[in-house]
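Trainee:
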Amino acid sequence: MSKDAEILDEFTSKEYEHGWSVDFEADEAPKGLNEDIVRFISAKKNEPEWLLEYRLKAFRHWLTLEEPNWAAVNYPKINFQDIIYYSAPKKQKKLDSLDEVDPELIETFKKLGISLDEQKRMTGVAVDAVIDSVSVATTFKETLGELGIIFCSFSEAVKDHPELIKKYLGSVVPYTDNYYAALNSAVFSDGSFGYIPKGVHCPMELSTYFRINAANTGQFERTLIVAEAGSYVSYLEGCTAPQRDENQLHAAIVEIIVEADAEVKYSTVQNWYPGDKNGKGGIYNFVTKRGICNGDHAKLSWTQVETGSAITWKYPSCILKGDYSVGEFYSVAVTNNFQQADTGTKMIHIGKGTKSRIVSKGISAGHSQNSYRGLVQVHKRAENVRNFSQCDSLLLGDKCGAHTFPYIEVDNSSAQVEHEATTSKIGEDQIFYCNQRGIGTEEAVALIVNGYAKEVLNKLPMEFAVEAQKLLALTLEGSVG
Amino acid sequence: MLKVKNLKASIEGKEILKGINLEVKPGEVHAIMGPNGSGKSTLSAVLAGREEYSVDSGTVEFLGSDIFDLSPEERAREGLFLAFQYPIEIPGVSTTNFMRAAVNQIREHRGLPKLDAVQFLKVMKERMKIVDIDQALLKRSLNEGFSGGEKKRNEIFQMAMLEPKLSILDETDSGLDIDALKIVANGVNTLRSADNATIVITHYQRLLDFIVPDFVHVLYNGQIVKTGTKELAYELEERGYDWIKAEHANV
Chain F
1 MSKDAEILDE FTSKEYEHGW SVDFEADEAP KGLNEDIVRF ISAKKNEPEW
51 LLEYRLKAFR HWLTLEEPNW AAVNYPKINF QDIIYYSAPK KQKKLDSLDE
101 VDPELIETFK KLGISLDEQK RMTGVAVDAV IDSVSVATTF KETLGELGII
151 FCSFSEAVKD HPELIKKYLG SVVPYTDNYY AALNSAVFSD GSFGYIPKGV
201 HCPMELSTYF RINAANTGQF ERTLIVAEAG SYVSYLEGCT APQRDENQLH
251 AAIVEIIVEA DAEVKYSTVQ NWYPGDKNGK GGIYNFVTKR GICNGDHAKL
301 SWTQVETGSA ITWKYPSCIL KGDYSVGEFY SVAVTNNFQQ ADTGTKMIHI
351 GKGTKSRIVS KGISAGHSQN SYRGLVQVHK RAENVRNFSQ CDSLLLGDKC
401 GAHTFPYIEV DNSSAQVEHE ATTSKIGEDQ IFYCNQRGIG TEEAVALIVN
451 GYAKEVLNKL PMEFAVEAQK LLALTLEGSV G
Chain B
482 MLKVKNLKAS IEGKEILKGI NLEVKPGEVH AIMGPNGSGK STLSAVLAGR
532 EEYSVDSGTV EFLGSDIFDL SPEERAREGL FLAFQYPIEI PGVSTTNFMR
582 AAVNQIREHR GLPKLDAVQF LKVMKERMKI VDIDQALLKR SLNEGFSGGE
632 KKRNEIFQMA MLEPKLSILD ETDSGLDIDA LKIVANGVNT LRSADNATIV
682 ITHYQRLLDF IVPDFVHVLY NGQIVKTGTK ELAYELEERG YDWIKAEHAN
732 V
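Respectively, the protein sequence lines represent chains F and B.
Residue numbering for the first sequence follows the numbering used here, starting at 1 and increasing by one per position.
Residue numbering for the second sequence follows the numbering used here, starting at 482 and increasing by one per position.
What follows is the structure in structure tokens.
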């Protein structure tokens with residue numbers, strides 16, 4: 001019997017044990033993963049029985065799966081039994097002033113143009129009582145509440161809105177979807193839940209609230225957004241500030257449900273620790289993001305700026321089920337040093353007259369590898385589908401790589417599918433031209449790269465676009481010359 | 482302002498400049514003429530600091546300092562401007578943003594405060610008139626899809642924005658019709674003052690009808706073989722370069 005099958009056998013044949021092998025009072029689960037750990041996590045979070053069942057089913061399914069290896073990334077084999085799957089959110093040590101914070105971090109904040117208050121919040125420095133983050137968050141919550149918008153942590157949603165979670169959890173990304181989705185479904189820590197009722201236009205970027213209230217969501221984040229018919233919401237995940245984490249493996253799931261005539265804009269700025277200059281350390285970011293345009297004329301738009309992580313494995317996708325629904329994917333992925341990114345999207349056209357647009361801009365520097373992987377699939381009954389894909393790669397230096405893997409599957413001859421791809425290098429001519437006008441080389445690279453990525457950056461909410469521009473420059477510092 | 486002494490430079494082991502001597506003083510306009518392949522563009526590239534060329538011997542003093550101690554951007558910030566023969570395209574970067582980055586870095590270098598968006602726009606509108614350039618063009622990606630005339634006009638607009646001490650115009654007249662040529666020349670003349678100097682590199686005399694030089698130098702086979710006034714340019718126009726070549730066949 002193979003080892004996997006052995007483990008599977010052991011777990012599926014095991015009777016429910018009352019004798020916990022895990023100390024319930026502990027703030028941290030022991031290393032490794034088994035059914036007891038899954039039960040431990042669920043119990044720690046006081047979850048209802050149905051959610052525990054969901055986790056267990058996911059876990060049992062996970063045992064049957066093989067770790068995927070089709071992505072164009074290389075990393076040492078992960079020992080899934082050497083990971084701690086639950087630890088209680090640690091209270092950040094409160095500091096009295098920014099002087100106590102690592103000066104290197106402060107320098108980065110300054111370069112990104114992050115406000116002093118926000119710097120304090122992110123580093124755990126006590127904030128002035130007047131703009132206390134909790135009270136701001138409460139105000140937001142009240143405004144949203146009046147409109148019937150629910151926006152809270154995933155755990156809260158499980159307690160307060162179990163009917164919604166029960167209905168939608170796993171409806172877009174089932175636990176059977178892939179290896180990391182199964183893993184996340186078994187052990188997810190926390191995340192966010194958003195619900196926009198029928199016809200409601202969410203008046204603020206949900207990010208605003210999120211950034212102020214960013215909780216320690218842990219390594220297995222779970223996000224669920226439901227936009228009822230005719231509603232609108234713009235959601236922003238992540239932040240430009242460098243994120244460090246002790247956990248190397250991150251496997252998140254994002255599920256989005258967009259009903260008829262509704263629109264969801266989901267923007268991500270990802271800047272997890274990418275490892276050092278020699279490629280040591282860094283986060284492995286294996287994410288499953290998918291949304292479904294359930295009703296007619298629904299629209300889902302993904303925008304992502306990926307600059308961090310040692311490895312990024314991520315394909316925000318749209319299932320275009322409703323007729324005339326629209327899916328969009330705008331992406332800038334930057335890799336430097338020894339970073340690897342394999343990212344792209346899937347546009348699944350099921351409804352008739354559905355449209356999708358893909359704009360992917362890869363930027364590779366150093367020894368990094370950057371791949372675009374995308375699927376455009378047109379189903380048999382999807383009449384008059386249109387897709388346009390533009391995949392550009394920009395290379396800085398000659399030790400990095402850019403790859404494009406477009407998959408196109410068309411089962412309906414009325415479809416119009418276009419794919420354009422370009423690869424270019426930042427030319428010495430361009431840099432010299434900038435230099436000759438008095439612009440230094442670092443600034444020249446920033447200018448050229450931001451120009452290249454402009455189409456995508458323009459899709460970000462205004463205040464974030466500015467930070468993202470600076471972030472691109474910062475990520476590529478020292479990569480030329 | 483500029484003192485070039487016995488400058489020798491090569492690319493990939495091939496000697497192009499074989500001992501150039503040239504002195505340019507404030508307020509002067511120098512024209513450098515010469516047949517194709519004589520080293521005109523190499524001279525401008527070496528002065529601006531292109532890395533592909535190696536400087537083998539000789540000295541160049543710019544505003545009192547050794548130009549080879551300065552990086553290309555430092556030379557630019559000190560006041561050296563090169564109008565490119567083939568201006569470079571930078572997709573997604575508008576001329577406006579490009580100039581804003583340049584103006585502010587130069588101002589920083591000179592210890593002046595940066596211009597905010599409003600101040601910058603004011604200066605820009607003023608300088609746009611000098612070369613009669615449309616603001617719509619300045620919002621487009623730098624040089625991308627520009628016509629030949631638009632590119633050259635854009636170079637002179639940049640010159641107007643950066644207020645250089647020494648401008649080198651590298652074949653700015655090539656590919657221009659007479660109207661565009663007049664606009665470009667008019668721009669250059671408007672910017673002329675007693676404090677700045679211009680080197681006009683050209684193949685034809687035509688441009689010099691509009692930008693009247695104080696000195697005309699003939700560059701041939703990597704050396705300045707003749708220096709005169711604008712009359713020399715007329716002579717070249719009439720007789721071509723063959724007599725120069727014949728006179729210096731043994732050089």
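From the three backbone atoms N, C-alpha and C, an ideal C-beta is built for every residue, glycine too.
Let me know the beta strand (DSSP E) ranges lying completely inside the region 549 to 628 of chain B, each 3 residues or longer, listed in chain order.
Mentor: 561 to 564 and 571 to 575
Trainee: Do B/Q704 and B/G500 have their C-beta atoms closer together than 8 Å?
Mentor: yes
Trainee: Please state whether DSSP places F/K355 in a helix, a strand or coil.
Mentor: strand
Trainee: What are the boundary residues of the beta strand (DSSP E) that F/W302 is part of?
Mentor: Membership of F/W302 in the beta strand (DSSP E) is indicated by the continuous run K299 to E306.
Trainee: Using a Cβ cut-off of 8 Å, which residues of the region 432 to 458 of chain F contact any Cβ in chain B, in chain order?
Mentor: F432, Y433, C434, N435, Q436, R437, G438, I439, G440, T441, E443, L447, I448, N450, G451, Y452, A453, K454 and E455
Trainee: Using a Cβ cut-off of 7 Å, pull out every chain B residue sitting near F/D429, in sequence order please.
Mentor: I569
Trainee: Since F/E418 sits in a beta bridge, which residues does DSSP pair it with?
Mentor: F/F388
Trainee: Taking Cβ positions only, does B/R558 come closer than 8 Å to chain F?
Mentor: It does; some Cβ of chain F falls within 8 Å.
Trainee: Shorter than 8 Å from the beta carbon of B/G629 to some beta carbon of chain F?
Mentor: no
Trainee: Are any of the Cβ atoms in chain F nearer than 8 Å to that of B/G656?
Mentor: no
Trainee: For F/N370, list the residues DSSP reports as bridge partners.
Mentor: Residue pairing for F/N370: DSSP places it in a beta bridge opposite F/A341 and F/A402.
Trainee: Could you check which residue in F/E142, F/T223 and F/T64 has the C-alpha nearest to that of F/T176?
Mentor: F/T64
Trainee: Return yes when the Cβ of F/W302 is within less than 8 Å of the Cβ of F/T345, no when it is not.
Mentor: The Cβ atoms of F/T345 and F/W302 lie closer than 8 Å to each other.
Trainee: Let me check one thing: in DSSP terms, what residues is B/A529 bridge-paired to?
Mentor: Paired residues: none, contrary to the question.
Trainee: Could you check the C-alpha separation between B/L602 and F/A465 for me, to the nearest Å?
Mentor: 22 Å
Trainee: Please report the distance separating the alpha-carbon of B/G432 from that of F/A444.
Mentor: Outside the displayed span of chain B (482 to 732) sits residue 432 of chain B, for which this structure offers no information.
Trainee: What are the boundary residues of the beta strand (DSSP E) that F/R290 is part of?
Mentor: Y284 to C293
Trainee: Going along chain F, which residues have a C-beta under 7 Å from B/I587?
Mentor: G438
Trainee: By the DSSP assignment, the alpha helix (DSSP H) with F/I84 in it spans what residues?
Mentor: Segment: none, F/I84 is in no alpha helix (DSSP H) and carries neither H nor E.
Trainee: Would you decide whether F/W62 is buried or exposed? Buried here means 16 or more other CB atoms lie within 10 Å of its CB.
Mentor: Looking at its Cβ environment, which holds 16 or more other Cβ atoms inside 10 Å, F/W62 is buried.
Trainee: Going by alpha carbons, who is nearest to F/C391 out of F/S317, F/V332 and F/Y284?
Mentor: F/V332
Trainee: Can you check whether the CB of B/T653 is closer than 8 Å to the CB of B/A583?
Mentor: No, the pair does not count as a contact, with Cβ atoms beyond the cut-off.
Trainee: How many angstroms separate the CA atom of F/K167 from the CA atom of F/H379?
Mentor: F/K167 and F/H379: Cα-Cα distance of roughly 26 Å.
Trainee: Count the other CB atoms within 10 Å of the CB of F/Y407; is the residue buried (16 or more) or exposed (fewer)?
Mentor: Using a 10 angstroms sphere on the CB of F/Y407, the tally of other CB atoms stays under 16, which defines it as exposed.
Trainee: What are the partner residues of B/L498, as DSSP defines its beta bridges?
Mentor: B/A490
Trainee: When you compare each of B/I637, B/A617 and B/Q600 to B/N746 by their alpha carbons, which one comes out closest?
Mentor: Here chain B has residues from 482 to 732 only, and residue 746 of chain B is not among them.
Trainee: Does the beta-carbon of F/D342 have 16 or more other beta-carbons within 10 angstroms, so that it is buried, or is it exposed?
Mentor: Buried: at least 16 other Cβ atoms inside 10 Å.
Trainee: Quick check: is the beta carbon of B/F565 nearer than 8 Å to any beta carbon in chain F?
Mentor: Interface residue, yes.
Trainee: Alpha carbon to alpha carbon, what distance is there between F/F154 and F/G32?
Mentor: 24 Å
Trainee: Just the chain F side, please: which residues come within less than 7 Å of B/E735 by C-beta, in chain order?
Mentor: Outside the modelled stretch of chain B, which goes from 482 to 732, sits residue 735 of chain B, for which no answer is possible.
Trainee: In three-state DSSP terms, what is B/Y534?
Mentor: Residue state for B/Y534 is assigned as strand, using DSSP reduced to three classes.
Trainee: Answer with yes or no whether the minimum CB distance from B/V574 to chain F is below 8 Å.
Mentor: yes
Trainee: Taking only three categories from DSSP, how would you classify F/F464?
Mentor: helix
Trainee: What distance in whole Å lies between the Cβ atoms of F/A252 and F/L183, which are believed to be in contact at a cut-off of 8 Å?
Mentor: F/L183 to F/A252, Cβ: 11 Å. No contact.
Trainee: What does B/L643 reach in chain F if we use C-beta pairs closer than 9 Å?
Mentor: R437 and G438
Trainee: Any idea if B/L647 is buried or exposed, counting beta-carbon neighbours within 10 angstroms, 16 or more meaning buried?
Mentor: buried
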